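Engineer: The structure's right below; bear with me while I get my questions together.
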Amino acid sequence: MTDRSRIQSDLTDAQLETYAVRGGQHRTAEAEHSEPIFTTSSYVFNSAAQAAARFGGDEPGNIYSRFTNPTVATFEQRLAAMEGAEMAVATSSGMAAILSTVAGLLQSGDHVVCSRAVFGTTNVLFDKYFKKFGIQTTFVELTSIDAWKDAVRPETKLFFLETPSNPLGEVADIEQLAELAHQNDALLAVDNCFCTPALQQPLKLGADIVIHSATKYLDGQGRCVGGVVAGRKQEMDEVYGFLRSAGTTMSPFNAWVFLKGLETLTIRMKAHCESALELAQWLETQPKISKVHDGGLKSHPGHELARKQQKGFGGVVSFEVEGGQDAAWTLIDNTRMLSITANLGDAKTTITHPATTTHGRLSDQDKAKAGITSGLIRVSVGLENIDDIKADIERGIQAI
Ligand SMILES: Cc1ncc(COP(=O)(O)O)c(C=O)c1O
């Protein structure tokens, strides 16, 4: 007979690093050490009465993997513990996380105030698609509290932002914006993709909802697409209700990959931050580079605020080269190791030209407002030796 007393970990009063490794795990009777992947679409019941009780919500338990799966639930519980949330809902992508949040919590006639400096597709989702369903959005300057104040209407229900922003690393004051949102009976949702809970916990600063593209640092090795929303049970029940009906579901395999990613998240983020800062400082000394955007640099306008609300400055560095798009493309094309890809948060360093990729769908006017110049390059600093990363970028600079 197996002694079950030591099979489940006791995580009472555990720290974030410990939740990242063990949070949400419920070992089965097989006493497996690593989390299993439950590749099953449905579950069987003991009796017709039990099936009825499960479907009716009178008895907890698995029903169907569109909305109940143990591997996905483990990922949700682990992420919720790391963000300090009551509940998390895993989704098929980061965009599905934003869609499920808005569709679950808002309705036609509601208004959103959204930072202009959000991921390009997020901008399109709010500006084009939510508008079709009667949800209007006003885009504002991320760092101007007055702009947020001025944009509020009686029907405003949600503030939405990314901090640090992509790709310029602008930093919003989460506490201040949460206060403003709450004064106006609105919720504050923060896309925490760039920091992850290892560096920033927006709920602890007053935000109501945290959103992730798990595709980025939570995975950390560029393998799977996924997302997650976390917050109070009251709001998450609505997000989950939408997911159950709409099927914006994370697959169990992807949930398992993200679980493995979370186990190394805190040490990976430290390494990403260290190398990114070293790269940013080095870029500042390079010829043909006119500006470097990194919250870790004293020259960055968000530096002090980032020090206050983040445990590190993140792994993304953006910089502007003299000579516009031609020079930027020449630099990118003359690197030999860095991956030319728009993804970020990977162990492999990636390099991209935001104006023609991630932000390519924005009008020239919107690009100018968001600070996406034609000479801007974004590097997501990976886990290779930093000297090799610098040498590769130097090859690109010399080719200009
Ligand atoms: C900050 C941010 N939020 C959301 C997304 C969307 O996530 P996904 O690609 O997983 O749908 C991305 C990038 O893709 C992103 O960079």
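For any residue, its number in the numbering used here is found by taking its place in the sequence shown, counting from 1, and adding 68. For every residue, glycine included, the Cβ atom is placed at its ideal position computed from N, Cα and C. In this text the structure is predicted, and so the values were computed from the model without any measurement.
Apply the 10 Å Cβ neighbour rule to residue 146 and answer buried if 16 or more other Cβ atoms are within range, or exposed otherwise.
Structural biologist: Within the sequence shown, the letter at position 78 stands for residue 146. Buried.
Engineer: Considering only residues of the same chain and omitting the five flanking positions on each side of residue 365, which have a CB-CB separation below 6 Å?
Structural biologist: On the sequence shown, position 297 is the one that residue 365 refers to. Around residue 365: 348.
Engineer: In whole angstroms, what separates the C-alpha of residue 263 from that of residue 224?
Structural biologist: Here residue 263 refers to the residue found at position 195 of the sequence shown. Here residue 224 refers to the residue found at position 156 of the sequence shown. Between residue 263 and residue 224, the C-alpha separation is close to 27 Å.
Engineer: Buried or exposed, going by whether 16 or more other CB atoms sit within 10 Å of the CB of residue 455?
Structural biologist: Residue mapping note: residue 455 aligns to position 387 of the sequence shown, counting from 1. Exposed, because fewer than 16 other Cβ atoms sit within 10 Å of the Cβ of residue 455.
Engineer: Distance check for residue 139 and residue 76, CA to CA, integer angstroms please.
Structural biologist: Indexing the sequence shown from 1 puts residue 76 at position 8. Indexing the sequence shown from 1 puts residue 139 at position 71. Using only the alpha carbons, I get a separation of about 16 Å.
Engineer: Is residue 296 near ligand 1, in the sense that its beta carbon is under 7 Å from a heavy atom of that ligand?
Structural biologist: Numbered from 1 along the sequence shown, position 228 holds the residue referred to as residue 296. Incorrect: residue 296 has no Cβ contact closer than 7 Å to ligand 1.
Engineer: Output needed for residue 168: all residues of its chain with C-beta closer than 6 Å, excluding positions within five of it in sequence on either side, in chain order.
Structural biologist: Taking the sequence shown and counting its residues from 1, one reaches residue 168 at position 100. These residues qualify, in order along the chain: 159, 307, 310, 311 and 316.
Engineer: Check whether the Cβ atoms of residue 184 and residue 226 sit closer than 8 Å, and answer yes or no.
Structural biologist: The residue labelled residue 184 in the question sits at position 116 within the sequence shown. The residue labelled residue 226 in the question sits at position 158 within the sequence shown. Not closer than 8 Å, so no.
Engineer: Taking the beta carbon of residue 127 as the centre, do at least 16 other beta carbons fall within 10 Å, making it buried, or is it exposed?
Structural biologist: Reading the sequence shown from its first residue, position 59 is the one you call residue 127. Counting Cβ neighbours within 10 Å, residue 127 comes out exposed, since fewer than 16 surround it.
Engineer: Nearer than 7 Å: is that true of the beta carbon of residue 292 relative to any heavy atom of ligand 1?
Structural biologist: For the purposes of this step, residue 292 is taken as residue 224 along the sequence shown, with counting starting at 1. Because no heavy atom of ligand 1 lies under 7 Å away, the Cβ of residue 292 does not count as near it: no.
Engineer: With three or more C-beta pairs closer than 8 Å as the rule, is the region 260-275 touching the region 105-124?
Structural biologist: no
Engineer: Compute the distance between the beta-carbons of residue 237 and residue 394, then report whether it is under 8 Å.
Structural biologist: One-based indexing of the sequence shown puts residue 237 at position 169. One-based indexing of the sequence shown puts residue 394 at position 326. Cβ distance not < 8 Å, so residue 237 and residue 394 don't count as in contact.
Engineer: How should residue 137 be labelled, buried or exposed, when 16 other C-beta atoms within 10 angstroms of its C-beta is the threshold for buried?
Structural biologist: As a working note, residue 137 is residue 69 in the sequence shown. When all chains shown are included, residue 137 counts as buried.
Engineer: Given that a residue counts as buried once 16 or more other Cβ atoms are within 10 Å of its Cβ, and exposed if not, what is residue 435?
Structural biologist: Here residue 435 is taken as the residue at index 367 of the sequence shown, counted from 1. Buried, by the Cβ-count rule.
Engineer: Is residue 69 helix, strand or coil by DSSP?
Structural biologist: Within the sequence shown, residue 69 is the residue found at index 1, counting from 1. Legend: pLDDT at residue 69 = 48, less than 50; position of this residue unreliable, value from coordinates given subsequently. Three-state DSSP puts residue 69 in coil, outside helix and strand.
Engineer: Within a Cβ cutoff of 6 Å, which residues of the same chain sit near residue 69, ignoring the five residues on either side of it in sequence?
Structural biologist: In the sequence shown, counting from the first residue as 1, residue 69 sits at position 1. For residue 69, the predicted model reports a pLDDT of 48, less than 50, meaning its position is unreliable and no value from the coordinates is stated.
Engineer: Taking contact to mean at least 3 C-beta pairs separated by less than 8 Å, is the region 147-154 in contact with the region 171-179?
Structural biologist: No, because fewer than three Cβ pairs between the region 147-154 and the region 171-179 fall closer than 8 Å, the two stretches do not touch.
Engineer: Return the first residue and the last residue of the alpha helix (DSSP H) that residue 150 is part of.
Structural biologist: As a first step, residue 150 is located in the sequence shown; it is residue number 82 there, counting from the start. Run containing residue 150: 138-151, per the alpha helix (DSSP H) assignment.
Engineer: Buried or exposed: where does residue 112 fall if 16 or more other Cβ atoms within 10 Å of its Cβ makes it buried?
Structural biologist: For the purposes of this step, residue 112 is identified with residue 44 of the sequence shown, where counting begins at 1. The residue in question, residue 112, is exposed, as its Cβ has fewer than 16 Cβ neighbours within 10 Å.
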